[in-house]
Amino acid sequence: MEKEESGGLAGGLPSPRNLLLLTVLFIAGSELAVMHLLPHLPEWLGPYRNIADAVVLALLIVPFLYFFLYRPLARQISDHHAMAREVALRNSLLDMINRAQAGFISSIPSHAVLGEMLRTVVDLTASGEGIIGEVVGAEGELSVRTLSAVWESGDSSPTGDEAEPIVDTPLFSAAMGRMEKTLLPVIFPSPSFNPAIPGGIALSLLAIPLLSGGRLIGVCALVNRRQGYSEKDLTILSPFAVAGGAIIEAWRKNEEHRRAEERVASAMVELREVFKALPDLYFRVNADGMILDYNVGAGTTICRNSEPMHGKAIWEMLPAESGPLFKGALYKMMRDGALVTFEFAPSTSGKAAVFETRILPVLAGDAVVIVRDVSDRKRTEEELKKAKESAEEAVLMNNRFISLVAHDLKQPLSSLYLTLMYIERDNRFALNQEGKELMGHMAHTVDGLINMIEELLDMSRLQMGKLVPAPRHINAFAAVAAVKGRMLRNAKKKGIEVTNLVPPDAKIYADPELFGEVLHNLLSNAIKFTPRGGKVEVFMPPDEPNTVVVKDTGTGVDLEILPHIFSHGVKTTTKGTAGEKGTGLGLPFSHDIMKAHGGSLTVKTKKGDGTAFYARLGEARPKVLLVDDDKADRVLFRHFVNRTDVEILEAASGHEALALLENERPSVVLADVNMPGMDGLELLERIRANQRTKDIPVIIVTGDMHMETREKSFRLGADDFVMKPLQAEEINLRVGRFI
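Residues 800 to 1538 in the working numbering are what the sequence shown spells out, letter by letter.
Structure follows, in structure tokens:
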């Protein structure tokens, strides 16, 4: 209560000094007034003058003392008692909240904590019934799940499963609807909330929303307080209203933690049952490596002894040399929260053993350790490795043998072929027509043997890694046209039409010679197995820009030999429609070439209805290497070749370009002649001298007008020549030849 500084009575009792002074003055004034009135009294009252004096004085003093002393003092005492009771209620609420929070982090069940908390609130407010509930559901469809309830009879239920005396009432539903919209407490009856609820409603209701993060997550409802509820009750319960949301959140987390612990316990039981059935050594350890559970599989002999292991460090139970490995792996697993695997080979008598260890995190911050004897597997892997190396060595020896034999046969067969051709054509030998035909047949047979030897040599070099594709961007139409030109003679003999349907500007990324060998084999087979008057087409599917297809109208491939058509170890060659013979090496060799390119060779065929071979190459973005010490020229070149399908590489010197070529294979190199250190012509020489880079196209760029520079460039192996200043049209035209 506030007090007025002047000592007035409006704010409560005056100060003792002022009260004494006021009383004396009042009595003195009253006495003077009485003395002034006494002379005017009737004469018959003379003997009673003193009594009258006392009565009049009492009548004046008693009301004064009652109104100005007793009533303020009684009001102040009443307010003090009310304040003391409010403080006691607040302290009780705070104590209850502290006990609830302590209960949530201890082993006390969550529902017991909520039940005690609700009983305290009901007792403090002298309510008849009450609930604490969790709000569930989506916005607009919220409902309350009772967590704890207290009935009028005094009984309580920690779950509210038996009855929900408040939640099912129309009044509570109306109060919930209001709280959902306003997030404010609801008091009934009150001027602002007095819905027309049919009979059976509670005498009074106080509903307090429990909020968390601005969301309604819970509610505490109190009903049937006989004198009703007021805003003062909200003031008293304000600590609970503020902490209620946190209490519900704590309950939720506590329940989640409890359910998680139950899942962990269940998972651990299942995990242990699983590991009991395994022959491995199994441990469950904490972060410090202490053994919480274990199972020793049948036949496991790695443990130091058979005594109980619970509560001991895992490295104490395993060979000493494995201790540092286990400690480091366990630390890494706990740090990264991921599986850690390592192997160790303990010192054992008479047998070299290898153990594989896997450490993986599980729930509750523990780890599972599985130790498995992989000695047999390691020995098997080692034997397989040796067998693989032996097989590779045998293949290598076989290829070397084939290469040596083929090389030794090629020279005498070539001499024999030339001799036979010479005898056939030289009239001095006076051969008749039959003799010439015989010599021609022999020469043709020897020529076939020479071609077969060439294929064997190429296959051997390819398999031994001596023949490595040097792909570059080439014109697919021109590549097909070149091979077609060599095959026209055979095609005309059989009246077969060979059509090149590849787009004239189509580019593919391939080794020109090796891919030409693939095209040669495919076209040769197509003509061989196509009857007279048939057709052979070469095209690129619209949806596969890196695929060349050779399709014929021939006899098709026999289904029995189709699975082995690309196999080296199975003879699949058959005679052509005109009796042509083959070596059976062309398709396997072509298949190897396509694999070496990172592509594939597949076939689609139907007996009697032709065959289509698909030579698929991998996609490759053209790369252009620009070598120039002038940065402005490099920027200008980038501007000229402004294409998203081209990657520009830059080098500021010849030495930098050579270092880049160690890891990159550009489609074309543009090299400026005049550069410090190593000029463009020296760079050209170095590129051509390197077996790996000798086939890369090089364009020389210079501002030198002398003819000698141009002649020297071409003499050293330049593919083209460009004069400065650079022109966009000329640059794109010349670079476009190679990409």
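Cβ atoms here follow ideal geometry from the backbone N, Cα and C, with glycine treated the same way.
Exposed unless 16 or more other CB atoms sit within 10 angstroms - verdict on residue 1354: Translated into the one-based positions of the sequence shown, residue 1354 becomes position 555. So residue 1354 ends up on the buried side.
C-beta atoms of residue 1317 and residue 1222 nearer than 8 Å: One-based indexing of the sequence shown puts residue 1317 at position 518. One-based indexing of the sequence shown puts residue 1222 at position 423. No. Outside cutoff.
Secondary structure of residue 1108, DSSP reduced to three states: One-based indexing of the sequence shown puts residue 1108 at position 309. Annotated three-state conformation of residue 1108 is coil, per DSSP.
Contained alpha helix (DSSP H) runs [length at least 4] in the region 972 to 1052, N- to C-terminal order: Listed in chain order, the alpha helix (DSSP H) elements of length 4 or more contained wholly in the region 972 to 1052 are 1030 to 1035.
Where residue 1034 falls, given that 16 or more other Cβ within 10 Å makes a residue buried: Indexing the sequence shown from 1 puts residue 1034 at position 235. It is exposed - the Cβ of residue 1034 has fewer than 16 other Cβ atoms within 10 Å.
Whole-angstrom distance between residue 1151 and residue 1160, CA atom to CA atom: Here residue 1160 refers to the residue found at position 361 when the sequence shown is read from its first residue. Here residue 1151 refers to the residue found at position 352 when the sequence shown is read from its first residue. A straight line joining the alpha-carbon of residue 1160 with that of residue 1151 spans about 30 Å.
Span separating the alpha-carbon of residue 1093 from that of residue 1064: Here residue 1093 refers to the residue found at position 294 of the sequence shown. Here residue 1064 refers to the residue found at position 265 of the sequence shown. Cα to Cα, the separation comes out at about 15 Å.
Span separating the alpha-carbon of residue 957 from that of residue 948: As a first step, residue 957 is located in the sequence shown; it is residue number 158 there, counting from the start. As a first step, residue 948 is located in the sequence shown; it is residue number 149 there, counting from the start. Because the pLDDT at residue 957 is just 42, under 50, the model does not fix this residue reliably, and the point stays unresolved.
Sequence-distant residues of the same chain with beta carbon closer than 6 Å to residue 931, five excluded per side: As a first step, residue 931 is located in the sequence shown; it is residue number 132 there, counting from the start. Exclusion of the five residues before and after residue 931 leaves 913, 917, 946, 947 and 1019 as the residues of its chain whose Cβ lies within less than 6 Å of its Cβ.
Segments of 3+ residues assigned as beta strand (DSSP E) that fall wholly inside the region 1462 to 1507: Taking 3 residues as the shortest admissible run, the region 1462 to 1507 contains the following complete beta strand (DSSP E) segments, listed from N- to C-terminal end: 1467 to 1471 and 1497 to 1501.
Exposure of residue 1083, with buried meaning 16 or more beta-carbon neighbours within 10 Å: Position 284 of the sequence shown, counted from the first residue, corresponds to residue 1083. Looking at its Cβ environment, which holds 16 or more other Cβ atoms inside 10 Å, residue 1083 is buried.
Segment limits, alpha helix (DSSP H) that includes residue 1138: One-based indexing of the sequence shown puts residue 1138 at position 339. Careful: residue 1138 lies outside any alpha helix (DSSP H) and carries neither H nor E.
Three-state secondary structure (DSSP) of residue 1391: Taking the first residue of the sequence shown as position 1, residue 1391 is located at position 592. Residue 1391 falls in the helix class under three-state DSSP.
Closest residue to residue 1470 among 1220, 940, 1499 and 1056 (Cα-Cα distance): Counting from 1 along the sequence shown, the entry for residue 1470 is found at position 671. Nearest C-alpha to residue 1470: 1499.
Same chain, Cβ closer than 7 Å to residue 1518, neighbours up to 5 away in sequence not counted: As a first step, residue 1518 must be located in the sequence shown, where it is residue number 719. Answer for residue 1518: 1496, 1497 and 1498, listed in chain order.
Integer Cβ distance of residue 1289 from residue 1389, believed to fall under 8 Å: The count along the sequence shown starts at 1 and reaches residue 1289 at position 490. The count along the sequence shown starts at 1 and reaches residue 1389 at position 590. Contact flag wrong, Cβ pair sits at about 18 Å.
Cβ-Cβ distance between residue 1350 and residue 1296 below 8 Å: For this step, residue 1350 is matched to residue 551 along the sequence shown. For this step, residue 1296 is matched to residue 497 along the sequence shown. In terms of Cβ geometry, residue 1350 and residue 1296 do not form a close pair [threshold 8 Å].
DSSP three-state assignment for residue 959, whether helix, strand or coil: Along the sequence shown, read from residue 1 onward, the residue named residue 959 stands at position 160. Its pLDDT being 39, under 50, residue 959 is placed unreliably in this model, and the coordinates cannot settle the point.
Environment of residue 1514 [buried if 16+ CB atoms lie within 10 Å]: Counting from 1 along the sequence shown, the entry for residue 1514 is found at position 715. Residue 1514 is exposed by the Cβ-count criterion.
Residue of 1491, 1486 and 1014 minimising C-alpha distance to residue 1512: Along the sequence shown, one-based indexing puts residue 1512 at 713. Checked all of 1491, 1486 and 1014; the closest Cα to residue 1512 is 1486.
N-terminal and C-terminal residue of the alpha helix (DSSP H) that residue 1432 is part of: For the purposes of this step, residue 1432 is taken as residue 633 along the sequence shown, with counting starting at 1. For residue 1432, the enclosing alpha helix (DSSP H) stretches over residues 1430 to 1439.
Selection from 1332, 1268 and 1271 that minimises the alpha carbon distance to residue 1291: Numbered from its first residue, the sequence shown carries residue 1291 at position 492. Among 1332, 1268 and 1271, the Cα nearest to that of residue 1291 belongs to 1332.
Collapsed DSSP secondary structure at residue 922 in the structure displayed: Against the sequence shown, residue 922 aligns to sequence position 123. In the structure shown, residue 922 sits in a helix (DSSP, three-state: H, G or I).
Cα-Cα separation between residue 954 and residue 942, rounded to whole angstroms: Your numbering for residue 954 matches position 155 in the sequence shown. Your numbering for residue 942 matches position 143 in the sequence shown. Its pLDDT being 49, under 50, residue 954 is placed unreliably by the model, and nothing is read from it.
For residue 1158, the three-state DSSP class (helix, strand or coil): The count along the sequence shown starts at 1 and reaches residue 1158 at position 359. Residue 1158 falls in the strand class under three-state DSSP.
Close beta carbons around residue 1439, own chain, < 6 Å, minus the five adjacent residues each side: In the sequence shown, residue 1439 corresponds to position 640, counting from 1. Cβ neighbours of residue 1439 beyond the five flanking positions: 1527 and 1530.
Coil, strand or helix - residue 1272 by DSSP: Translated into the one-based positions of the sequence shown, residue 1272 becomes position 473. If DSSP states are grouped into helix, strand and coil, residue 1272 belongs with the strands.
For residue 936, the nearest candidate out of 1338, 1411, 983 and 1017 (CA to CA): Against the sequence shown, residue 936 aligns to sequence position 137. Ranked by Cα distance from residue 936, the options 1338, 1411, 983 and 1017 are led by 1017.
Cβ contact (3+ pairs, closer than 8 Å) linking the region 1109 to 1116 and the region 1133 to 1140: The region 1109 to 1116, when compared against the region 1133 to 1140, does not touch it at the 8 Å Cβ threshold.
For residue 1342, the three-state DSSP class (helix, strand or coil): Translated into the one-based positions of the sequence shown, residue 1342 becomes position 543. Here residue 1342 sits in coil by DSSP.
C-alpha gap between residue 1536 and residue 1394, whole angstroms: As a working mapping, residue 1536 is identified with position 737 in the sequence shown. As a working mapping, residue 1394 is identified with position 595 in the sequence shown. So the alpha carbons of these two residues sit roughly 26 Å apart.
Straight-line gap, residue 1032 to residue 1013 (C-alpha atoms, nearest Å): Translated into positions along the sequence shown, residue 1032 becomes position 233. Translated into positions along the sequence shown, residue 1013 becomes position 214. It is roughly 23 Å from the alpha-carbon of residue 1032 to the alpha-carbon of residue 1013.
Three-state class that DSSP yields for residue 1151 in the structure shown: In the sequence shown, the residue the question calls residue 1151 occupies position 352. In the structure shown, residue 1151 adopts coil according to DSSP, grouped into three states.
Proximity of residue 984 and residue 1003 at Cβ, strictly below 8 Å: Within the sequence shown, numbered from 1, the residue matching residue 984 stands at position 185. Within the sequence shown, numbered from 1, the residue matching residue 1003 stands at position 204. Contact: no.
Residue from 1126, 1187 and 1452 with nearest C-alpha to residue 1157: The residue you call residue 1157 lines up with position 358 of the sequence shown. Of the candidates 1126, 1187 and 1452, the one whose C-alpha sits nearest the C-alpha of residue 1157 is 1126.
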